[in-house]
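These notes concern the structure reproduced below.
Number of protein chains: 2
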Amino acid sequence: MVPLVSVTSLPSRSARRGTIPEATVARLPVYLRVLTGFAESGVATVSSETLAQAAGVGPAKLRKDLSHLGSYGTRGVGYDVEFLVYQISRALGLTQHYSVVIVGVGNLGHALAGYAGFGSRGFGVVALLDADPARVGETIAGIEVRHVDDLEAIVAEHEVSIGVIATPASAAQDVCDRLVACGVTSVLNFAPVVLNVPEQVDVRKVDLSIELQILAFHEQRKALVGTGS
Amino acid sequence: MVPLVSVTSLPSRSARRGTIPEATVARLPVYLRVLTGFAESGVATVSSETLAQAAGVGPAKLRKDLSHLGSYGTRGVGYDVEFLVYQISRALGLTQHYSVVIVGVGNLGHALAGYAGFGSRGFGVVALLDADPARVGETIAGIEVRHVDDLEAIVAEHEVSIGVIATPASAAQDVCDRLVACGVTSVLNFAPVVLNVPEQVDVRKVDLSIELQILAFHEQRKALVGTGS
DNA sequence: ACCATTTTGTGCACGTGTTCACAATCGGGC
DNA sequence: GCCCGATTGTGAACACGTGCACAAAATGGT
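Protein chains in written order, with my numbering: chain A, 2 to 230; chain B, 2 to 230.
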């Protein structure tokens with residue numbers, strides 16, 4: 002009889018140090034923020050239990066997440082806060098600098114320009130772009146508003162790697178195409194459209210109305226508890 | 002010998018009509034938006050292929066998603082656009098009305114108040130709340146700004162079920178506690194903190210800086226292609 | 001009436017993510 | 001030097017999500 006024991010044990014492309022699961026990557030920024038808070042409070046070490054509680058996850062998940070970046074942490078003691086902050090920052094690539102442009106200076110673009118975390122920790126907003134000539138020249142949160150026609154020039158000059166789209170839906174795909182055309186490889190999209198991009202570019206979408214609709218679904222579900230149908 | 006054929010086939014709690022996987026729920030709003038666009042263009046029916054392309058997912062995934070709400074769709078033909086819009090709306094609970102309050106009228110609160118999709122499709126923003134007395138009385142996007150002290154009264158009066166937190170991080174937990182205390186069971190949080198809520202309340206978090214950090218990670222990964230370490 | 005074509009709905013296998021439980025390991029007291 | 005309590009790191013089982021591939025079903029032409 003042929004041994005059917007399954008082939009699942011061969012390390013297809015995991016097991017390489019440096020390969021961090023996507024779900025873990027999404028949680029690392031939360032750990033980082035919580036740890037920064039601890040550091041500012043003068044806490045030197047934390048246990049997985051404490052850190053997990055503060056981050057709103059289970060202790061086991063947290064330990065597995067951290068184990069993907071290496072064996073920092075001391076058995077019987079916990080994790081050194083400052084060391085862990087550094088290791089997570091490095092894993093996320095925050096030890097490098099990324100130039101960001103924000104396209105669209107409506108209400109949302111305005112909010113993003115002033116958002117803490119956009120100007121700090123490795124990120125720098127080099128320009129705000131808008132199609133409305135009336136807005137050009139204005140200065141918001143210390144950043145000058147330029148016309149969207151200058152997009153290509155600005156991206157080239159500052160070696161922008163991340164583009165934030167905060168335009169109306171109708172302009173989003175066009176702006177995205179232009180960003181991609183001049184070498185931007187990461188896009189954060191706030192417009193309520195599905196963007197079409199080539200393979201190597203990755204897009205993250207933040208859609209406020211989608212979040213609301215998901216909440217509505219759960220709200221409805223809670224409402225019909227104990228109902229037959 | 003005991004039959005070891007695995008017990009995985011008993012319908013633990015799936016298989017109940019009305020049980021929609023979380024991942025599917027998160028995609029339904031996208032399908033809904035795309036379908037609405039098709040409807041406005043006068044398209045009567047769509048195939049899973051067409052719809053999937055427009056929504057940025059694979060055809061198989063789309064069909065499986067839709068199959069969770071029932072067998073709408075005709076073999077050999079496709080899906081009736083208007084009928085599907087209705088079915089998805091119903092599944093998401095959008096045939097009901099949800100009153101929303103937005104707390105925090107900074108840049109972000111401002112943006113949210115004007116956001117299309119917050120005032121439409123089953124959602125209604127009944128008030129904007131802020132702690133700053135100077136802002137009270139102002140009218141933004143047709144909605145009056147009230148003082149945050151009136152939170153309890155407003156929630157009770159309008160039977161608010163969804164609260165949006167757009168305050169600074171320091172105020173978020175306090176506002177959240179007050180919302181929960183007067184019966185709000187769904188919270189959309191834009192403040193960069195992990196909120197502590199009781200079991201039955203669900204929170205969705207939108208964190209702009211986290212999205213940026215995730216992009217930074219992938220950006221870094223793309224940068225060291227072909228590098229040894 | 002029948003067949004070819006199209007497209008849905010879904011069983012199945014696979015990969016990813018989560019949770020449990022425990023061995024490995026550290027610091028500290030005596 | 002040794003034992004004990006504490007805490008990490010991880011193997012293994014389980015749950016969840018995804019994609020393939022195909023049977024089921026509907027339309028339209030002849």
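All C-beta atoms, glycine included, are put in the ideal place defined by N, C-alpha and C. Given the structure is predicted, the values throughout are model-derived calculations rather than measurements.
Exposure of residue i, with buried meaning 16 or more beta-carbon neighbours within 10 Å
i, result
"PHE84(B)", "exposed"
"LEU225(B)", "exposed"
"THR75(B)", "exposed"
"VAL78(A)", "exposed"
"VAL105(A)", "In the sequence as presented, Val is not what sits at residue 105(A); that position holds Gly. Answer is buried; the Cβ neighbour count reaches 16."
"PRO22(A)", "exposed"
"GLY94(A)", "buried"
"GLY110(B)", "buried"
"ARG41(A)", "Checking the sequence shown, residue 41(A) turns out to be Glu, not Arg. Under this definition GLU41(A) is an exposed residue."
"ASP133(A)", "exposed"
"GLY43(A)", "exposed"
"GLN201(A)", "exposed"
"SER100(A)", "buried"
"ALA61(A)", "exposed"
"ALA114(A)", "buried"
"GLU50(A)", "exposed"
"ARG91(A)", "exposed"
"ALA231(B)", "Because chain B is modelled from 2 through 230, residue 231(B) falls outside the range shown and cannot be assessed."
"GLU139(B)", "exposed"
"ASP150(B)", "exposed"
"ALA217(A)", "buried"
"ALA53(B)", "buried"
Other residues of its chain near residue i: CB distance less than 8 Å, five sequence neighbours each side excluded
i, result
"ARG179(A)", "LEU152 and GLU153"
"SER210(B)", "PRO193"
Chain-ordered chain B contacts of residue i [CB-CB under 8 Å]
i, result
"TYR32(A)", "Ordered by position in chain B, no residue passes the 8 Å Cβ test against TYR32(A), which lies about 10 Å from the chain."
"THR75(A)", "In chain order: nothing, as chain B lies at least about 25 Å away."
"LYS223(A)", "THR186 and GLN201"
"ALA112(A)", "GLY107, ASN108, LEU109, HIS111 and ALA112"
"VAL195(A)", "VAL31, VAL35, ALA55, ALA56 and GLY57"
"VAL207(A)", "VAL207, LEU209 and GLU212"
Contacting residues, own chain, Cβ-Cβ under 6 Å from residue i (five flanking each side not counted)
i, result
"LEU33(A)", "ILE89"
"ASN190(B)", "ILE166, LEU196, VAL204 and LYS206"
"GLY125(A)", "SER100"
Proximity to residue i [Cα-Cα], best of the options
i, options, result
"SER187(B)", "SER210(B), VAL176(B), VAL195(B) and SER162(B)", "SER162(B)"
"LEU129(B)", "ARG122(B), GLY123(B) and ALA112(B)", "ALA112(B)"
"ILE141(B)", "VAL127(B), ALA53(B), ALA132(B) and VAL149(B)", "VAL127(B)"
"ALA157(A)", "CYS183(A), GLU145(A), THR25(A) and GLU212(A)", "CYS183(A)"
"ILE144(B)", "ALA92(B), ALA173(B), ASP208(B) and VAL102(B)", "VAL102(B)"
"ARG205(B)", "GLY38(B), GLY107(B), GLY115(B) and VAL165(B)", "VAL165(B)"
"ILE29(B)", "GLU50(B), TYR87(B) and ALA45(B)", "The identity of residue 29(B) in the sequence shown is Leu, whereas the question assumes Ile. The residue with the shortest Cα to Cα distance from LEU29(B) is TYR87(B)."
"ALA170(B)", "VAL31(B), LEU52(B) and ASP208(B)", "ASP208(B)"
"ALA173(B)", "VAL146(B), GLU160(B), VAL82(B) and VAL198(B)", "VAL198(B)"
"VAL194(B)", "ALA24(A), THR37(A) and VAL26(A)", "THR37(A)"
"VAL185(A)", "HIS219(B), VAL185(B) and VAL181(B)", "HIS219(B)"
"VAL26(B)", "ASP66(B), VAL35(B), GLY59(B) and ALA45(B)", "ASP66(B)"
"GLU212(A)", "VAL146(B), TYR116(B), GLN221(B) and HIS148(B)", "TYR116(B)"
Cut-off 7 Å between Cβ atoms - residues of its own chain near residue i, not counting five sequence neighbours on either side
i, result
"THR234(A)", "The structure shown does not extend to residue 234(A), since chain A spans only 2 to 230, so no value can be given for it."
"SER48(A)", "GLY79"
"HIS159(A)", "SER100 and VAL127"
"PHE39(A)", "VAL47 and VAL82"
"ALA135(B)", "none"
"HIS252(B)", "What is shown of chain B runs 2 to 230, which leaves residue 252(B) out entirely."
Proximal chain A residues relative to residue i, where beta-carbon distance stays under 9 Å
i, result
"GLU220(B)", "GLY94, GLN97, TYR99, SER162, ILE163, THR186, SER187 and ASP203"
Partners in chain B for residue i, counting only beta-carbon separations shorter than 9 Å
i, result
"PHE124(A)", "SER210, LEU213, GLN214 and ALA217"
"ALA128(A)", "In chain order: nothing, as chain B lies at least about 16 Å away."
7 Å Cβ cut-off: residues of chain A touching residue i
i, result
"PRO60(B)", "By Cβ distance, chain A contributes nothing, its closest Cβ being about 15 Å from PRO60(B), past 7 Å."
"GLY115(B)", "ASN108"
"ALA135(B)", "Going along chain A, no residue has its Cβ under 7 Å from ALA135(B), so there is no contact; the nearest lies around 18 Å."
Amino acids of chain B, ordered along the chain, whose beta-carbon sits closer than 7 Å to that of residue i
i, result
"GLY71(A)", "Those within 7 Å of GLY71(A) in chain B number zero; the least Cβ separation is about 13 Å."
Under 8 Å from the C-beta of residue i: neighbouring residues of chain A
i, result
"GLY43(B)", "Going along chain A, no residue has its Cβ under 8 Å from GLY43(B), so there is no contact; the nearest lies around 19 Å."
"VAL47(B)", "Those do not exist, as VAL47(B) stays about 15 Å from chain A at its closest Cβ, beyond 8 Å."
"ALA27(B)", "ILE211 and ILE215"
Exercise. Which residue spans inside the stretch 121–151 of chain B form an unbroken beta strand (DSSP E) run of at least 3?
Worked result: Listed in chain order, they are 124–131 and 144–148.
Exercise. What alpha helix (DSSP H) runs, 4 residues minimum, are completely inside the stretch 45–86 of chain A?
Worked result: Listed in chain order, the complete alpha helix (DSSP H) runs (minimum 4 residues) inside the stretch 45–86 of chain A are 49–56 and 60–68.
For this session: Mind listing, in chain order, the continuous alpha helix (DSSP H) runs of no fewer than 4 residues lying wholly within the stretch 166–221 of chain B?
Result: For the stretch 166–221 of chain B, whole alpha helix (DSSP H) runs of length 4 or above, ordered along the chain, are 170–182.
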